[in-house]
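Trainee:
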Amino acid sequence: MVMKPALRKIALTVHITSSVGWLGAVVGFLALVVAALSSQEIKTVQAVWIAMELTGWFAIVPLALISLLSGLVMSLCTQWGLLKHYWVLFKLLLTILAITVLLLNMQTVSFLAEVANDTGYTDLGGLWGELIHSGGGLLVLLVITILSVYKPRGLTRHGRHKQNR
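Note that the UniProt record's numbering gives residue 123 to position 123 of the sequence shown, counting from 1, and the numbers run on in steps of one.
Structure, rendered in structure tokens:
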């Protein structure tokens, strides 16, 4: 099924906007982590944990899920196809991996934000973990972006089969 041009443009706009938003929200999250790690103020670190939890659940997670869903729509309803090109398949796998790690990590963020809010305890070890998670997530999102822009050649077996029909 191929979308009509007007509908394709709307779907593409949703996909690009959510993907770029996801990337930007991760950069914001990373900035919060760096701010907390460089601060000596307990209140700042507490506030950052709470801000990271809110940013994660209300910006990063929804944007990631919208990006995944809109990407599936774009791949299934355009000439690219979901299984025809390696770059589309790699983007899908990286996106699923990133969302899985994100959802698992957000449990930890929520727990540590609650601990920081309730007890005043600020775990710098947890912040170093968040630096690794958000930095790694940013790297994965940049790889996905590069794949989207450059669209490296290479058909999957399924793609070659469809092309030879």
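All C-beta atoms in this analysis are idealised placements derived from N, C-alpha and C, irrespective of residue type, glycine included.
Source: prediction; values computed, not measured.
Determine, using beta-carbon pairs with one atom in the stretch 48-65 and one in the stretch 15-30, whether at least three such pairs fall under 8 Å.
Mentor: The stretch 48-65 is in contact with the stretch 15-30.
Trainee: Just to confirm, is the Cβ distance from residue 15 to residue 84 under 8 Å?
Mentor: As a working mapping, residue 15 is identified with position 15 in the sequence shown. As a working mapping, residue 84 is identified with position 84 in the sequence shown. Not in contact: residue 15 and residue 84 (Cβ atoms no closer than 8 Å).
Trainee: Hey, how far is the Cα of residue 27 from the Cα of residue 11?
Mentor: The residue labelled residue 27 in the question sits at position 27 within the sequence shown. The residue labelled residue 11 in the question sits at position 11 within the sequence shown. Roughly 24 Å between the two C-alpha positions.
Trainee: Which ranges does the alpha helix (DSSP H) cover as unbroken runs of at least 4 residues, wholly within the stretch 31-104, from first to last along the chain?
Mentor: Counting whole runs of 4 or more residues, the stretch 31-104 contains the alpha helix (DSSP H) stretches 42-55, 61-76.
Trainee: If you measure between the beta carbons of residue 59 and residue 32, is that distance less than 8 Å?
Mentor: Here the question's residue 59 lines up with position 59 in the sequence shown. Here the question's residue 32 lines up with position 32 in the sequence shown. The answer is no: Cβ separation not under 8 Å.
Trainee: In whole angstroms, what is the alpha-carbon distance linking residue 87 and residue 43?
Mentor: For this step, residue 87 is matched to residue 87 along the sequence shown. For this step, residue 43 is matched to residue 43 along the sequence shown. C-alpha separation (whole angstroms): 45 Å.
Trainee: Give me the residue from 67, 165, 53, 7 with the minimum Cα distance to residue 29.
Mentor: As a position in the sequence shown, residue 29 is number 29, starting the count at 1. If we check each option's Cα against that of residue 29, 53 comes out closest.
Trainee: Could you tell me the alpha carbon to alpha carbon distance between residue 161 and residue 81, rounded to whole angstroms?
Mentor: Taking the sequence shown and counting its residues from 1, the one referred to as residue 161 is at position 161. Taking the sequence shown and counting its residues from 1, the one referred to as residue 81 is at position 81. Each residue's alpha carbon lies about 13 Å from the other.
Trainee: Among 119, 90, 107, 98, which one has its Cα closest to the Cα of residue 154?
Mentor: Against the sequence shown, residue 154 aligns to sequence position 154. Checked all of 119, 90, 107, 98; the closest Cα to residue 154 is 90.
Trainee: In the DSSP assignment, the alpha helix (DSSP H) including residue 2 goes from what residue to what residue?
Mentor: Within the sequence shown, the letter at position 2 stands for residue 2. Looking at the DSSP string, residue 2 is not in any alpha helix (DSSP H), and its letter there is neither H nor E.
Trainee: Among 41, 36, 96, 110, which residue has its Cα nearest to the Cα of residue 137?
Mentor: Taking the first residue of the sequence shown as position 1, residue 137 is located at position 137. For residue 137, the nearest C-alpha among the options comes from 96.
Trainee: Taking 8 Å as the cut-off, does the stretch 91-111 touch the stretch 130-148 (at least 3 CB pairs, one atom from each stretch)?
Mentor: Yes, since at least three Cβ pairs between the stretch 130-148 and the stretch 91-111 fall closer than 8 Å, the two stretches touch.
Trainee: Smallest Cα separation from residue 2: which of 55, 57, 77?
Mentor: By 1-based counting over the sequence shown, the position of residue 2 is 2. Residue 2 has its Cα closest to that of 77, out of 55, 57, 77.
Trainee: Assuming residue 57 and residue 112 form a contact by the criterion Cβ under 8 Å, report the distance between their Cβ atoms to the nearest whole angstrom.
Mentor: Counting from one through the sequence shown, the residue named residue 57 turns up at place 57. Counting from one through the sequence shown, the residue named residue 112 turns up at place 112. Wrong, their Cβ atoms sit about 14 Å apart, outside the cutoff.
Trainee: Can you name, in chain order, every residue of its own chain whose Cβ lies under 8 Å from the Cβ of residue 156, other than the five neighbours on each side?
Mentor: Against the sequence shown, residue 156 aligns to sequence position 156. Result list for residue 156: 83, 84, 85, 86, 89, in chain order.
Trainee: Please report how far the alpha carbon of residue 5 lies from the alpha carbon of residue 115, in whole angstroms.
Mentor: Your numbering for residue 5 matches position 5 in the sequence shown. Your numbering for residue 115 matches position 115 in the sequence shown. C-alpha separation (whole angstroms): 50 Å.
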